[in-house]
Each structure stands twice: as structure tokens, then as C-alpha cells.
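Undergrad: For the record, in the sequence shown the residue sitting at position 68 is 71 according to our numbering, with numbers rising by one throughout. Built from N, CA and C at the ideal position, the CB exists for glycine as well. What you are looking at is a predicted structure, and each value in this text was computed from that prediction instead of being measured.
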Amino acid sequence: MEKKKILIVDDDPRNIFALSATLKAKGYSNTSCTGAEEAIMLLRGDETVDCILMDMMMPDLDGYEAIPIIRDIPARRHTPVIAVTAQAMVGDREKCLEAGADGYISKPIDVDKLLEILSAL
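See below:
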């Protein structure tokens with residue numbers, strides 16, 4: 004089975020580095036953006052992206068604002084978006100799903116849980 008290409012959107016380069024290394028070690032290809040605006044521009048193009056890992060708390064344009072914009076891009080309407088956030092309080096998962104995310108994972112990321120989510124897509 005061919006592994007999916009993952010877009011990592013996170014304003015912290017350390018998080019991008021850790022996620023990229025983990026995904027690469029598990030056979031996934033990935034690309035990254037350090038902000039939602041950059042990700043939206045990439046997604047408006049023809050780059051292959053099978054899943055988006057979206058940090059929900061970023062300066063300027065956060066994941067809560069970015070996901071509806073991504074959903075308005077016709078070619079990306081059904082691209083799975085997994086909310087990645089340090090927000091792990093009661094109701095945060097629901098807030099992410101209400102914003103349009105297809106899944107939710109909290110930081111620090113449980114790699115086994117992330118791989119389970121990705122394999123289900």
C-alpha cells in the first residue's frame with residue numbers, strides 16, 4: 004500500500020522537524036508550511052496532499068480560521084484535516100471538529116495514535 008503525502012502546518016520549526024522525521028521513518032512523505040497562509044497558497048495549487056496536520060494555535064491565521072478556507076478550495080474540500088493542538092481541555096476536541104477538522108490529536112503527539120489516525124484515512 005502506498006503511503007500518503009502529509010502536509011504539516013505549524014508555526015514552530017521544532018514541531019515540524021519532529022513530525023517530519025517521525026513520518027519519514029514510518030514511510031510517509033511530507034511537506035511543511037510555517038503558517039496557514041502559506042499552506043492555503045500551496046493547497047490552491049496542484050501539489051499532492053493526502054492529509055493535513057494543522058496546528059490550531061498559530062499567530063496571524065490560526066487553524067480555526069484556516070480550515071474553513073481550505074474547505075472552500077474545491078479540490079481540497081474532502082482532504083482530511085487533523086487538528087494538532089496543545090489545547091487538551093474539555094471541549095477543545097469538539098471545537099476543532101466544529102471548525103471542520105476530521106480528527107484531533109493533542110500535543111505532545113502520541114505517535115501510535117497519529118499513525119492509527121493516518122492509516123484510517
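Look up residue 95 in the DSSP assignment and say whether it is helix, strand or coil.
TA: Residue 95 falls in the helix class under three-state DSSP.
Undergrad: Verify whether the separation of the beta carbon atoms of residue 53 and residue 7 is less than 8 Å.
TA: Contact flag set, yes.
Undergrad: Taking C-beta to C-beta, are residue 88 and residue 60 nearer than 8 Å?
TA: Against a cut-off of 8 Å, the Cβ pair of residue 60 and residue 88 comes out as a contact.
Undergrad: Within 10 Å of its beta-carbon, does residue 128 have 16 or more other beta-carbons around it, so buried, or fewer, so exposed?
TA: Any property of residue 128 remains undetermined from this structure, which presents the chain solely from 4 to 124.
Undergrad: In this structure, how does DSSP classify residue 37 when only helix, strand and coil are distinguished?
TA: Residue 37: coil per DSSP, three-state reduction.
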